[in-house]
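**Q**
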Amino acid sequence: MSEDWEVRMSNSKGMPYFFNSGTRQSSWEPPKELTPEQISKLPGAEHLKGAKAEGGGKPGQVRASHLLVKHRDSRRPSSWKEANITRTKEEAIEILKGYENEIAGSQGRFAEVANKHSDCSSHSNGGDLGWFGRGQMQKPFEEAAYALKVGEFSPIISTDSGVHIVMRTG
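Start counting the sequence shown at 661; every next residue gets the next number (our numbering).
1. Would you call the CB atoms of residue 811 and residue 723 closer than 8 Å?
2. Contact check, residue 729 vs residue 763 under 8 Å by CB: the rounded distance?
3. What residue range is occupied by the uninterrupted beta strand (DSSP E) comprising residue 828?
4. Counting C-beta neighbours from all protein chains within 10 Å, is the total for residue 710 16 or more, i.e. buried, or is it exposed?
5. Would you decide whether residue 768 is buried or exposed? Buried here means 16 or more other CB atoms lie within 10 Å of its CB.
6. Do you know offhand how far residue 784's Cα is from residue 705's?
7. At least one CB of chain B closer than 8 Å to the CB of residue 677: is that the case?
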């Protein structure tokens with residue numbers, strides 16, 4: 661069915677490919693059962709266009725940094741700072757609110773706080789995740805990043821990884 665198909669961007673090749681979320685099938689070639697009009701309306705179809713994303717990403721990509729605080733229900737409750745994270749999600753949100761106050765809307769301060777406190781390995785890059793396209797991040801994270809304008813911060817969001825503040829950088 662056409663509603664199961666979407667266009668994703670390959671990290672390794674930097675090229676768009678077709679992915680069927682129902683069957684988990686992927687293909688470099690467009691699905692034979694879809695017309696060019698249907699293909700142009702697929703989620704992620706912007707990856708097929710030749711327009712360059714602002715600042716160096718590939719078409720349809722954004723760049724973001726984040727500050728992650730994991731909790732005991734995170735999909736991997738450990739980090740470079742703590743081998744076994746036992747805090748609750750509510751405690752993680754309170755910690756993140758404190759970091760949010762420390763950042764006070766400053767992009768430079770965001771990188772400093774992420775470097776020191778983020779539970780993600782991206783902490784060593786000030787939380788920078790680089791350029792990514794649709795389908796590459798967990799859905800709530802992706803939606804937050806794409807909804808922001810460059811330089812804006814998200815409210816606290818929750819994913820399977822933990823709780824985050826996202827800053828769009830490109």
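All C-beta atoms in this analysis are idealised placements derived from N, C-alpha and C, irrespective of residue type, glycine included. Since this is a predicted model, take the numbers as computed values, not measurements.
**A** Based on what the coordinates show:
1. no
2. With a Cβ gap of about 13 Å, residue 729 and residue 763 do not count as contacting.
3. 822-828
4. Residue placement at residue 710 is poorly supported in this model, since its pLDDT is 48, which falls under 50; the coordinates are not used for a value here.
5. exposed
6. 33 Å
7. Protein chain content of the structure displayed is limited to a single chain, and chain B is not contained in it.
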